[in-house]
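Read through the structure below, which is laid out as structure tokens, and then see the notes.
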Amino acid sequence: KARQDCGKCLINQDVYERIKGKVLTAPERVNKRGMKPCLFGKGGTCCNVCHMGPCQIIEGVEEMRGVCGATASTVAARNFCRMVAAGTATHSDHGRGIAEAFYSVVHNEAEDFEIKEKAKLRMVAHYLGLDRKKPIKELAKEVAVKALEEFGKQHGRLAFLSRAPEKRQEKWRELGVESRGVDREVVELIHRTTVGVDQDYRSLLKASIRCALADGWGGSMLATELQDILFGIPQPIKSVVNLGVLKEDMVNITVHGHEPEVAEALAIAAQLPEMIKEAQKVGAKGINLAGICCTGNEVLMRRGIPIAGSFVQQEIALATGAVEAMVVDVQCIMQNVTTVAEAYHTAIITTSDKAKIEGAIHIAFDHHKPIESAKNILREAIARFPKRDKKDVYIPKKKMDVVAGFSHETILYMLGGRFRASYKPLNENIINGRILGVAAIIGCDNFRVKEKLHIEIAKELIANNVLVVVTGCAASAIGRDGLLSPDALDLAGESYREVLEAIGCPPVLHMGSCVDNSRILIALTEMVHTGGLGDDIDELPVVGSAPEWMSEKAIAIGNYFVGSGTTVVFGPTFPTENSKIATNYLREDFNQMFGASWRIARNASEFVSIMIDHIRKKRENLGIDK
Ligand code: NFS
458 KARQDCGKCL
468 INQDVYERIK
478 GKVLTAPERV
488 NKRGMKPCLF
498 GKGGTCCNVC
508 HMGPCQIIEG
518 VEEMRGVCGA
528 TASTVAARNF
538 CRMVAAGTAT
548 HSDHGRGIAE
558 AFYSVVHNEA
568 EDFEIKEKAK
578 LRMVAHYLGL
588 DRKKPIKELA
598 KEVAVKALEE
608 FGKQHGRLAF
618 LSRAPEKRQE
628 KWRELGVESR
638 GVDREVVELI
648 HRTTVGVDQD
658 YRSLLKASIR
668 CALADGWGGS
678 MLATELQDIL
688 FGIPQPIKSV
698 VNLGVLKEDM
708 VNITVHGHEP
718 EVAEALAIAA
728 QLPEMIKEAQ
738 KVGAKGINLA
748 GICCTGNEVL
758 MRRGIPIAGS
768 FVQQEIALAT
778 GAVEAMVVDV
788 QCIMQNVTTV
798 AEAYHTAIIT
808 TSDKAKIEGA
818 IHIAFDHHKP
828 IESAKNILRE
838 AIARFPKRDK
848 KDVYIPKKKM
858 DVVAGFSHET
868 ILYMLGGRFR
878 ASYKPLNENI
888 INGRILGVAA
898 IIGCDNFRVK
908 EKLHIEIAKE
918 LIANNVLVVV
928 TGCAASAIGR
938 DGLLSPDALD
948 LAGESYREVL
958 EAIGCPPVLH
968 MGSCVDNSRI
978 LIALTEMVHT
988 GGLGDDIDEL
998 PVVGSAPEWM
1008 SEKAIAIGNY
1018 FVGSGTTVVF
1028 GPTFPTENSK
1038 IATNYLREDF
1048 NQMFGASWRI
1058 ARNASEFVSI
1068 MIDHIRKKRE
1078 NLGIDK
């Protein structure tokens, strides 16, 4: 099957054409006068932590310090820290939400959900310091309490830090960056960055690692693990991506945001005969769910529910005129969706009391009664179906087959077989050179990036025998281009292709949503423990990237990868660039401390060459650079 040649928003230019002039959308706004990014803000040297400013600062120009005397490096570091704190807060509050839902389920306060993965529950209990052998019900209650405690802990260190390789833990201990409690690290970092507190870029940036580790090995990892226990560990599953997954004869509901709880409940409720009947009563054949952003990735990974679009496609999904309701939970929901929806019959339904949008309908999701809440949401959507203007419906045909569901556990089984699940075959193939190394492409897509960076980078890497794993909106973009299908095997380098053919998987592995980057941390640790590739994550021939990042969350993720020993490449722009001193610290000094750095690339070829060079250098250090 021919692959489409564009994975970006403009893949559906035809849909945009239909709303042009009617509603202003993000791609048009990007090009509008007055919408150019502020040069000071973009490079990190606009300081607005007090109201003597905002001060715009130029490095090295004495008279262009802040009113208080703050230098460019301090300001850039402070702004960077604030992004890390916000990103950590975001993933972690998601984790807390799931921990609360988990608490309700195991204390019989919530109907409808139950524990799906008992073995994983026992494993997580062990890492939380509990006795894994206890009866499951009792253990589940203890896990719920312990998980919630991780957020508010004041002393000691986060429990999951003990999952990292021993050498990494030592490094964290020596450097004093072990995270204590999730909330404490976020609060402290915000405190440090306010006017007149921490004014040494080195101290600030080092502190940003302590906070970020509370994301990767704290909030995000708790989110992923508890979601798996409640909703199931993802396994390889076939599905479809792009706007063509919307159905002309069904009630279309897009599930958008990040926390899978609402979408899981909707998926169950949408299959109930009573709800299907209600949909049929208004002339639809049934109810069709389709994902957007990371809520989409969550239900794609576990249920194979198709993805309508990534971040940059949320407006045009509505512009098909075929969506009865866009149900949103938290994060990455553009305010403009309500404006676009107004031009159609579509309801934007907010479900979290933390995330309301003017112009949306709010149906609070009660996690004590998930299915009842889901039914109320579905009814609102079903009632919209008769209002759909059939003449105004345009669903592009474009869709692409994908295989998703590559959790860390699945990769173990795939590589080693169910009875000797292990990363040994992966390590061996890296050592013998069939696989050059591992690269992650993660993060957002971005209206300001015109190149198809994700796709070009992924293609080049797999052609060079690099195993590529993806998460978040990068995964959807790469999926739209066909690279998440075994049909794309012909694009992989010869030796990598042979490995893939033997296990029957696509050349790019979809590992989930953005909180699921924590799966990558576990996979890397597993590679270290398997042996042959050094004693710590920074010795592995592995590299990360977020080529079209835009969210603060991506910066938190990048920072926890660096703190964990994985060099990351971000671009095309970077938020500390106006301060060479701060940017250099993130590259050189972090490399000294953590064995990994932040790197910047401007275009696809720069990304690829930095990533491949890095992998080769690590191979060389390991003595496996044949
Ligand atoms: Ni990650 Fe996922 Fe997408 Fe970016 Fe937003 S949805 S959490 S932040 S835009 S990848």
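Following the numbering used here, the numbering of the sequence shown begins with 458 at its first residue and continues without gaps. Just so you know, even glycine gets a beta-carbon here, dropped at the ideal spot from N, CA and C.
Quiz item: Apart from the five residues on each side of it in sequence, which residues of its chain come closer than 7 Å, Cβ to Cβ, to Q788?
Solution: T547, G714 and H715
Exercise. Under 8 Å by Cβ, that's how I've got T1024 and A1053 pegged, so tell me the actual separation to the nearest angstrom.
Key: 4 Å
Exercise. Determine the contact status of N884 and L957, defining contact as a CB-CB distance below 8 Å.
Key: No; because the gap between Cβ atoms is not below 8 Å, this pair is not in contact.
Quiz prompt | P691 beta carbon less than 8 Å from that of G969 | solution = yes
Quiz prompt | Alpha carbon of I1067 to alpha carbon of V756, nearest angstrom | solution = The straight-line gap from Cα to Cα measures roughly 33 Å.
Exercise. Drop a sphere of 10 angstroms on the beta-carbon of M492, count the other beta-carbons inside from all chains shown, and report buried for 16 or more, exposed for fewer.
Key: exposed
Exercise. Work out the CA separation of D588 and D902 for me, nearest whole Å.
Key: 43 Å
Quiz item: For E696 versus G761, is the C-beta spacing smaller than 8 Å?
Solution: The residue you asked about is not Glu; residue 696 is Ser in the sequence shown. Taking 8 Å as the Cβ cut-off, S696 and G761 qualify as a contacting pair.
Quiz item: CA-CA distance, M871 and I960?
Solution: 7 Å
Self-check item: Backbone secondary structure at I919 - three-state DSSP
Solution: helix
Quiz item: Skipping 5 residues on each side, what residues in its chain have a beta carbon closer than 8 Å to that of L605?
Solution: R553, A556, E557 and Y560
Self-check item: Closest residue to V1019 among A779, E1034, D1046 and N469 (Cα-Cα distance)
Solution: Nearest C-alpha to V1019: D1046.
Quiz prompt | C-alpha gap between D938 and K598, whole angstroms | solution = Between D938 and K598, the C-alpha separation is close to 44 Å.
Exercise. Look up T807 in the DSSP assignment and give the residues it is bridged to.
Key: V785 and H819
Quiz item: So is C750 buried or exposed if we call it buried at 16+ other beta carbons inside 10 Å?
Solution: buried
Quiz item: Who are H967's beta bridge partners in DSSP?
Solution: V927
Quiz prompt | H713: first and last residue of the uninterrupted beta strand (DSSP E) it sits in | solution = V708 to G714
Quiz item: What is the DSSP secondary structure of A959, counted as helix, strand or coil?
Solution: Annotated three-state conformation of A959 is helix, per DSSP.
Quiz prompt | Cβ pair count under 8 Å reaching 3, the segment 508 to 523 against the segment 975 to 983 | solution = They do not touch, by the three-pair rule.
Quiz item: Under a Cβ-count criterion, where at least 16 other Cβ atoms within 10 Å of its own Cβ denotes burial, should V518 be classed as buried or exposed?
Solution: exposed
Exercise. Compute the Euclidean distance between the alpha carbons of V850 and F822, then round it to the nearest angstrom.
Key: 30 Å
Quiz item: DSSP puts I898 in a beta bridge; with which residues?
Solution: V927 and S1002
Quiz prompt | Helix, strand or coil at S636 [DSSP, three-state] | solution = coil
Exercise. Return the CA-CA distance between G526 and D657, expressed in angstroms with no decimal places.
Key: Looking at the two C-alpha atoms, the distance is approximately 12 Å.
Quiz item: Exposed or buried, V506, counting other C-beta atoms within 10 Å across all chains shown (16 or more means buried)?
Solution: buried
Quiz item: Which one of L746, T1033, I820 and E996 has the shortest CA to CA distance from K624?
Solution: Residue E996 holds the alpha-carbon nearest to the alpha-carbon of K624 among L746, T1033, I820 and E996.
Self-check item: Backbone secondary structure at R490 - three-state DSSP
Solution: coil
Quiz item: Under three-state DSSP, which class holds D993?
Solution: coil
Quiz item: Any heavy atom of ligand 1 closer than 7 Å to the Cβ of A1011?
Solution: A1011: yes, Cβ under 7 Å from ligand 1.
Self-check item: Same chain, Cβ closer than 7 Å to A669, neighbours up to 5 away in sequence not counted
Solution: V541, T545, A1013, N1016, Y1017 and G1020
Quiz prompt | F537 to V654 span [Cα, whole Å] | solution = 15 Å
Quiz item: Could you give the C-beta distance for T808 and V784, rounded to a whole number, given that I count them as a contact under 8 Å?
Solution: 6 Å
Exercise. Take S933 as the anchor and find which of M1050, V965 and T482 has the nearest alpha-carbon.
Key: V965
Quiz item: By DSSP, does M509 sit in helix, in strand, or in coil?
Solution: coil
Quiz item: Buried or exposed: where does D810 fall if 16 or more other Cβ atoms within 10 Å of its Cβ makes it buried?
Solution: exposed
Practice problem: Could you pull out every unbroken alpha helix (DSSP H) segment of at least 4 residues lying fully inside the segment 825 to 879, listed in chain order? | Solution: 827 to 841 and 865 to 873
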